[in-house]
Structure formats: C-alpha cells, structure tokens
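A.B. asks:
Residue numbers (this note's numbering), protein chains in the order written: chain A, 867 to 997; chain B, 26 to 421.
#1: When the Cα atoms are used, what is the spatial distance from residue 75 of chain B to residue 43 of chain B?
#2: I'd like to know whether the C-beta atoms of residue 104 of chain B and residue 121 of chain B end up nearer to each other than 8 Å.
#3: Excluding sequence positions up to five away, which residues of its chain have a Cβ less than 6 Å from the Cβ of residue 336 of chain B?
#4: With a floor of 3 residues, list each beta strand (DSSP E) that falls wholly inside the region 75-136 of chain B, ordered by position along the chain.
#5: For residue 142 of chain B, write down the residues that DSSP places opposite it in a beta bridge.
#6: Taking any Cβ of chain A, which residues in the region 334-366 of chain B have a Cβ under 9 Å from it, in chain order?
#7: Note down, one range per segment and in chain order, each alpha helix (DSSP H) of at least 4 residues found wholly within the region 948-991 of chain A.
#8: So residue 374 of chain B and residue 361 of chain B are in contact, right, with Cβ under 8 Å, and what is the actual spacing, rounded?
#9: Check whether chain A comes within 8 Å of residue 177 of chain B, counting only Cβ atoms and requiring the distance to be less than that.
#10: Are the beta-carbon atoms of residue 331 of chain B and residue 91 of chain B separated by less than 8 Å?
#11: Pair every Cβ in the region 287-295 of chain B with every Cβ in the region 376-385 of chain B, then say whether three or more of these pairs are closer than 8 Å.
#12: Residues in the region 904-922 of chain A with C-beta within 9 Å of chain B's C-beta atoms, listed in sequence order?
#13: Confirm, please, whether the CB-CB distance from residue 980 of chain A to residue 896 of chain A is below 8 Å.
#14: Compute every distance between the C-beta of residue 303 of chain B and the non-hydrogen atoms of the ligand ATP, then say whether any falls below 7 Å.
#15: Measuring only the C-alpha atoms, how far is residue 270 of chain B from residue 45 of chain B?
#16: Should the region 105-125 of chain B be called in touch with the region 304-319 of chain B, which here means at least 3 C-beta pairs below 8 Å?
#17: Kindly indicate if chain A contains any beta-carbon less than 8 Å away from that of residue 120 of chain B.
#18: Apply the 10 Å Cβ neighbour rule to residue 89 of chain B and answer buried if 16 or more other Cβ atoms are within range, or exposed otherwise.
#19: To the nearest angstrom, report how far apart residue 931 of chain A and residue 396 of chain B are at their CA atoms.
#20: Pull up the distance between the alpha-carbon of residue 228 of chain B and that of residue 180 of chain B, whole angstroms please.
#21: Tell me whether residue 412 of chain B sits in a helix, a strand or coil according to DSSP, three-state version.
#22: Pick helix, strand or coil for residue 350 of chain B, following the three-state DSSP scheme.
#23: Throw me the rounded Cβ distance for the residue 189 of chain B and residue 217 of chain B pair, which I believe falls under 8 Å.
#24: Tell me the DSSP bridge mates of residue 915 of chain A?
#25: Taking Cβ positions, are residue 870 of chain A and residue 928 of chain A nearer each other than 8 Å?
#26: Counting only beta-carbon atoms, is residue 408 of chain B nearer than 8 Å to chain A?
#27: Closest to residue 970 of chain A by CA distance: which of B:352, B:324, B:376 and B:409 is it?
#28: Taking CB distances under 8 Å as the criterion, tell me whether residue 953 of chain A reaches chain B.
#29: Show which residues of chain B have a CB atom less than 9 Å away from the CB atom of residue 884 of chain A.
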C-alpha cells in the first residue's frame, strides 16, 4: 500500500461530507488534466459562514482524504478563514502526504476556494440585477 | 479475514520444491564454481543442471543459456548487447509501443548514444501487427524486440509471424518472454527467434533469477565485464541458490504447464465474464481470447485504481493497477494508453492475475467484495454523478 499516514487512511476509509448539495450557493471544480483526477466542492453559505460543505472526488486515496479533510477544516468557518486554507495546512492536518503526491492530490483547498469565488461572483450579479 | 493474492503478474510465490533445491547452497555448499577443487565442483554441477533445465523449458541448447539476476537484466542485456554487437551493420532498432520498461528504456538509452528507434503501434487489443513490423524495417535495422505476451493486459503477440519477417530481412529478433516462459508453452525454434528473456519469479522460482537465451552464432556484447563466467558473456560470481531455484522452477513448469493452465483458465474466465456482468461500465482490456491463462485485466469507469486497491486490500485482496496514481512516476500505464484508452479510463485500470494457489472460492470472494467497493467510490465520483445526470436527462 502507499505510505499514507494514519490520518490519511482514516479520512480515506471514512470520508466526511461526501456528496452534493441541492441548490448550492457555490460550486468549485478542479481537474488534473494529466491523470484525469477531479474534485468538485459544493457550499451553502449563511451569514458569511460555510453552513454546509460537500464534495465529490475522482482520484487516489490521498485525493479523497484531502477532500474530506478540507471539508472538515472549512465547515462552519467564515469565508475569509476558508480562503486562508492552503495545500500545506491541509497536508499538515493530514500528518503529511507522500512527496510525489503533494501537488497532484492536494487540490481540495483550490476547489473549495473556487466554490467561494463562484458564490461571491454570483452574489455580485445578484446585487447588480437588484440595482 | 480471507486473504486472496491475485497479483501473480507482480511475482509468484516460491514453490516448496524450489526452496528445497536452493537450500543446499544457502546452508553448506558455498563454493565458487570457478574454483578447481571439490567445493567448486559441487556448485558447478548445480549450475549446469539448472542450465539444462532452463534450456529444456524453452527448447534451446544448454550452452545458449546465460543466467542473469532478473528479467530486467535479461532485457537490458538483450537490447543493448545485441544492438552493440551488430552496430557495424546499422544503428536502427524496432520495438513495440507496449514493451516492458526494461526493453523500452534500454532502447531509449541506445537512442541517446546515437542509435535510431522505431516504435511499432498496437491495436485496441494490444496486438502488434507483424506487417507493421515489416513496414518499420530499414536496410540499417539490426534488432527487433517484441514481447511474447504483455503481462499487464495479457495479450499474446504473433511472434511466429513476426519472426518470419525478421528472418526474411536477416534482422536479429529478440522476444521478452518474461510473462510467458514457464506459463505457456515456449519453444525458441517454433517461435523462430534469436534471443529470449525469462525470469524465475514469474513461474514460482526465486526473485533475483533470470536467463537470456541467445541462439548459437548470434553475437552479443556483455554488459558486465570481468571474469569468464557464463562463457565470458556475463561476469560475476554466480548466484547459485537463485540459479538452482530457477532450474528447478523451470523443470516443474515444463512438467505442469498444461495442468496449471487448466487450473488458471476457468479462474481467469470467471473474472472476465462475471466482473463486467456484476458491475456496469467495465471494459475488459487486452485480447478477448488470445491472452495469458492467468490474466484478467479491466478498466472500471468513473473511479481510480489506487483507491480501489486500498479498499480491496482492506478486504484482504491483492491486485494491481496501471493507473497514474498507483505508479511512482504518476503516469498512466503506457501499455493501456498505447491501446487507445483515454487517461480518464486508464485511471480505472485493474489487473487481477490468479496463480496456481488460487481456487474458485477466492474468485467468488473477489466478485462479492468488489462491487460494493466500486459502488462506494462511484458514489464519491463527480464523473459518475455527471454521467448519471446526463443519462437521466438523455432518457427523458
């Protein structure tokens, strides 16, 4: 088996927050064009906080564990706090990722940030159309 | 928990008889076969016995067998050694797109040193068309190397037909028979080849054992210079336990190839038939009929191989995958891609290779535990969600 930490194994075997949100406030998708891996994050926002986070991931054990960990780190946090989650902070929380997998599997933060950007741009549109 | 090893393409277990054949040279008989005394004599006999056993397995002459330390070494030796020995005649080499890296990278190394390389493509089943080999031949072609069968997808190649073409053109023809020697009948004269690689750990012999057969009269340049072991073609004090084990494994394989095949084919066929019947969107890779007796390979859509491997391992089942994520280089298998399979589908590669220790219950167990694993990963997969959604909309 790949040399994964206990934390990675835990999040891989028992991933948190898998799924989709019906009618989400934001969606963020990130794909790895070389191998075809893909992560999708769905968020629900209330009072500038992530009320709900769900994800779907097509990829290796590390990619699934990363997605799960990111969702856990982000749940209930303010949008600005979530934007501060980095691939490194995710890897640290997972007690490390194999060196060769750090970049390709560690796309969770990016996907979640995209979901927030998606939410913010939708909101801007709403404000514009309200004018 | 039940333990099911279905990764015999990676390596096979050691047979007890093979172990027994090796033990004397680990315990008491430690001599150097080059020595001119009783200690040397005792081990020299063991080497020559093994040489005959290996020669008999493939229908070659004992004096044509060179012992090596692996299939990889045999392939390196064949490609580099044969090319370097013929380089006055030309510098063009032909290999297929699905060769093992020990052939492919050896050829690439020669390319860097001034040789020219042509890669022959394969069809969607992984078959190398002999006519494509013919088309790739030039007046300066000195070596063709096409594998006898591909261990990753199981396809057996038309070596006899390719050999006719190389003989017409007087080009040296090597075949990597690591996946076939000891597994299916191999006869160097029937195949019409000039050199053949094999490895002991593919047919219940020890790791670190291999051989290269080179037809008498074909020149090869040694990779390892030194003493005159192996007729001056491979220097270095011989690994007697490995050689004795390889010999014994070859003898046992020769005697039981048909019995082993009879055992393996129903296990393989049950996997090839039942897996796609129990799981939707599964593609069998490799040739549907003309394939190794112990090879069942697939691509399972919408999910990734390493995640499958980890979940199967947690259920006691060992398989392998050619997905990018399972490779250390993080690249999808060049074999699967050469067959025209997309990167996305290649991610779902899964290879199950039963061996002689497996039984029907093992296969039943895998067929029972795999579908829920696939389902679990698909429920997590955005690709599957997208597919299901598109399908629903399309069905309206």
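Ideal Cβ positions, reconstructed from N, Cα and C, are used throughout, including at glycine. This structure is a prediction, so every number in the text was calculated from the model and none was measured.
C.D. replies: According to the data block:
#1: Taking the second chain and counting its residues from 1, one reaches residue 75 of chain B at position 50. Taking the second chain and counting its residues from 1, one reaches residue 43 of chain B at position 18. Answer to the nearest angstrom: the Cα atoms are 12 Å apart.
#2: Here residue 104 of chain B is taken as the residue at index 79 of the second chain, counted from 1. Here residue 121 of chain B is taken as the residue at index 96 of the second chain, counted from 1. Not in contact: residue 104 of chain B and residue 121 of chain B (Cβ atoms no closer than 8 Å).
#3: Residue 336 of chain B sits at position 311 when you count from the first residue of the second chain. 398.
#4: 90-93 and 117-121
#5: Counting from 1 along the second chain, the entry for residue 142 of chain B is found at position 117. In DSSP, residue 142 of chain B forms a bridge with B:118.
#6: Listed by position, the residues of the region 334-366 of chain B near chain A (Cβ gap below 9 Å) are 334, 335, 336, 338, 339, 348, 349, 350, 351, 353, 354, 355, 356 and 357.
#7: 953-959 and 968-971
#8: For this step, residue 374 of chain B is matched to residue 349 along the second chain. For this step, residue 361 of chain B is matched to residue 336 along the second chain. About 6 Å; that satisfies the 8 Å criterion.
#9: Taking the second chain and counting its residues from 1, the one referred to as residue 177 of chain B is at position 152. No, residue 177 of chain B lies away from the interface with chain A (no Cβ there is under 8 Å from its Cβ).
#10: Within the second chain, residue 331 of chain B is the residue found at index 306, counting from 1. Within the second chain, residue 91 of chain B is the residue found at index 66, counting from 1. Cβ atoms of residue 331 of chain B and residue 91 of chain B: not closer than 8 Å.
#11: yes
#12: 904, 905, 906, 921 and 922
#13: Stepping through the first chain from its first residue, residue 896 of chain A is reached at position 30. Stepping through the first chain from its first residue, residue 980 of chain A is reached at position 114. Cβ atoms of residue 896 of chain A and residue 980 of chain A: closer than 8 Å.
#14: Only the bare structure without any ligand can be found here, which leaves the ligand ATP out of the picture.
#15: Position 245 of the second chain, counted from the start, is the residue given in the question as residue 270 of chain B. Position 20 of the second chain, counted from the start, is the residue given in the question as residue 45 of chain B. Between the alpha carbons of residue 270 of chain B and residue 45 of chain B lies a distance of about 8 Å.
#16: no
#17: Here residue 120 of chain B refers to the residue found at position 95 when the second chain is read from its first residue. So no, residue 120 of chain B is outside the interface.
#18: For the purposes of this step, residue 89 of chain B is identified with residue 64 of the second chain, where counting begins at 1. Burial call: buried.
#19: Stepping through the first chain from its first residue, residue 931 of chain A is reached at position 65. Stepping through the second chain from its first residue, residue 396 of chain B is reached at position 371. Looking at the two C-alpha atoms, the distance is approximately 21 Å.
#20: Locating residue 228 of chain B in the second chain gives position 203, counting from the first residue. Locating residue 180 of chain B in the second chain gives position 155, counting from the first residue. Straight-line Cα distance between these residues: approximately 18 Å.
#21: The sequence position of residue 412 of chain B within the second chain is 387, counting from 1. Residue 412 of chain B falls in the helix class under three-state DSSP.
#22: By one-based count along the second chain, residue 350 of chain B stands at place 325. Three-state DSSP puts residue 350 of chain B in a helix.
#23: Looking up residue 189 of chain B in the second chain gives position 164. Looking up residue 217 of chain B in the second chain gives position 192. The Cβ separation is near 6 Å, so the contact holds.
#24: As a working note, residue 915 of chain A is residue 49 in the first chain. DSSP output for residue 915 of chain A lists A:912 and A:944 as bridge partner(s).
#25: For the purposes of this step, residue 870 of chain A is taken as residue 4 along the first chain, with counting starting at 1. For the purposes of this step, residue 928 of chain A is taken as residue 62 along the first chain, with counting starting at 1. Result yes, Cβ atoms of residue 870 of chain A and residue 928 of chain A sit closer than 8 Å.
#26: Numbered from 1 along the second chain, position 383 holds the residue referred to as residue 408 of chain B. Cβ-Cβ to chain A under 8 Å: yes for residue 408 of chain B.
#27: Within the first chain, residue 970 of chain A is the residue found at index 104, counting from 1. Nearest option by C-alpha distance: B:352.
#28: Within the first chain, numbered from 1, the residue matching residue 953 of chain A stands at position 87. Not one chain B Cβ lies under 8 Å of residue 953 of chain A.
#29: In the first chain, counting from the first residue as 1, residue 884 of chain A sits at position 18. Result: 404 and 405.
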